[in-house]
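A.B. asks: Quick one: the structure is below, and I'll ask about it shortly.
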């Protein structure tokens with residue numbers, strides 16, 4: 625048999641073996657919501673996307689001094705425009721006062737994001753995706769009894785939708801779900817320890833990446849839009865009371 629043909633068959637066999645391997649999607653929710661793809665001993669963080677690495681060539685002493693001189697010239701120009709922007713910025717700060725930062729999610733928003741990512745995984749591979757582990761430990765706490773009760777209801781509802789989707793669609797291949805959700809009226813900060821592990825053949829995992837990415841982006845935009853809307857409503861109510 626010719627050597628080129630042997631090499632070609634070896635490459636095709638290697639690719640076939642890769643496509644038949646099982647990959648795992650690990651969805652974790654603690655301080656942040658993170659989705660990782662694991663295959664063999666390799667792990668790739670899918671979400672959130674990592675910030676781009678800095679190029680060392682852009683941080684040489686000469687280039688740093690050049691940027692400082694350029695920044696000094698720009699600072700003089702900006703100083704003239706600062707007074708005009710001060711009023712506009714103050715108004716903007718009043719509208720967004722009390723809102724969370726765009727990248728800091730509340731407990732309820734984290735659970736909603738976990739549900740959105742899980743739905744994206746299930747939507748494309750409902751009969752091929754297996755749930756191998758599920759741990760959901762959530763403590764709801766705000767420091768105020770009434771607020772805690774309201775948040776507990778919202779979190780419980782979102783979690784119920786998530787569990788219903790898992791039980792209805794995903795094949796469970798491990799021990800029963802490890803779930804505990806309760807309201808803590810003595811603490812002031814909520815906490816979450818959520819870990820969902822899905823597994824499937826690598827050939828089916830390729831079709832998931834785009835779907836999950838789209839769901840993540842849509843959910844982030846929806847959260848930002850809801851916050852802006854709430855902030856504007858609060859500002860409008862405040863102006864009406866004056």
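Numbering (the numbering used here), first residue to last: 625 to 866. For each residue, glycine too, the CB sits at the ideal point set by N, CA and C.
Would you call the CB atoms of residue 826 and residue 646 closer than 9 Å?
C.D. replies: Yes, the Cβ-Cβ distance between residue 826 and residue 646 is below 9 Å.
A.B. asks: Along the chain, where does the beta strand (DSSP E) containing residue 660 start, and where does it finish?
C.D. replies: Where residue 660 is concerned, the enclosing beta strand (DSSP E) stretches over 657-663.
A.B. asks: When the Cα atoms are used, what is the spatial distance from residue 640 to residue 648?
C.D. replies: Whole-angstrom Cα-Cα distance: 18 Å.
A.B. asks: By DSSP, does residue 763 sit in helix, in strand, or in coil?
C.D. replies: Looking at residue 763 - three-state DSSP - the assignment turns out to be strand.
A.B. asks: Which whole-angstrom value is the C-beta distance of residue 737 and residue 657, which I expect to be below 8 Å?
C.D. replies: Sure, about 5 Å apart at Cβ, within 8 Å.
A.B. asks: Compute the Euclidean distance between the alpha carbons of residue 862 and residue 853, then round it to the nearest angstrom.
C.D. replies: So the alpha carbons of these two residues sit roughly 14 Å apart.
A.B. asks: By the 10 Å Cβ neighbour count, where 16 or more other Cβ atoms means buried, how is residue 739 classified, buried or exposed?
C.D. replies: Counting Cβ neighbours within 10 Å, residue 739 comes out buried, since at least 16 surround it.
A.B. asks: Between 753, 667, 733 and 816, which has its C-alpha nearest residue 840's C-alpha?
C.D. replies: The shortest C-alpha separation from residue 840 is found at 733.
A.B. asks: Give me the Cα-Cα distance between residue 812 and residue 694, rounded to the nearest whole angstrom.
C.D. replies: Roughly 46 Å between the two C-alpha positions.
A.B. asks: First and last residue of the beta strand (DSSP E) that includes residue 728?
C.D. replies: Unbroken run through residue 728: none, as it is neither H nor E.
A.B. asks: Using DSSP's beta-bridge definition, name the partner residues of residue 648.
C.D. replies: Answer is 662 and 823, bridged to residue 648.
A.B. asks: Looking only at its own chain, which residues have a Cβ that is under 6 Å from the Cβ of residue 652, when we skip the five neighbours before and after it?
C.D. replies: Counting only Cβ-Cβ distances below 6 Å, and skipping sequence neighbours, we find 658 and 819.
A.B. asks: Tell me whether residue 802 sits in a helix, a strand or coil according to DSSP, three-state version.
C.D. replies: The answer is strand: DSSP assigns residue 802 an E or B state.
A.B. asks: Does the separation of the CB atoms of residue 762 and residue 779 fall below 9 Å?
C.D. replies: Yes, the Cβ-Cβ distance between residue 762 and residue 779 is below 9 Å.
A.B. asks: Quick one: what's residue 668 bridged to in DSSP?
C.D. replies: DSSP, once it has assigned bridges, lists 661 as partnering residue 668.
A.B. asks: For residue 807, which beta-bridge partners are listed by DSSP?
C.D. replies: Paired residues: 764.
A.B. asks: On the DSSP bridge assignment, give the partners of residue 818 in chain order.
C.D. replies: According to DSSP, residue 818 bridges with 653 and 760.
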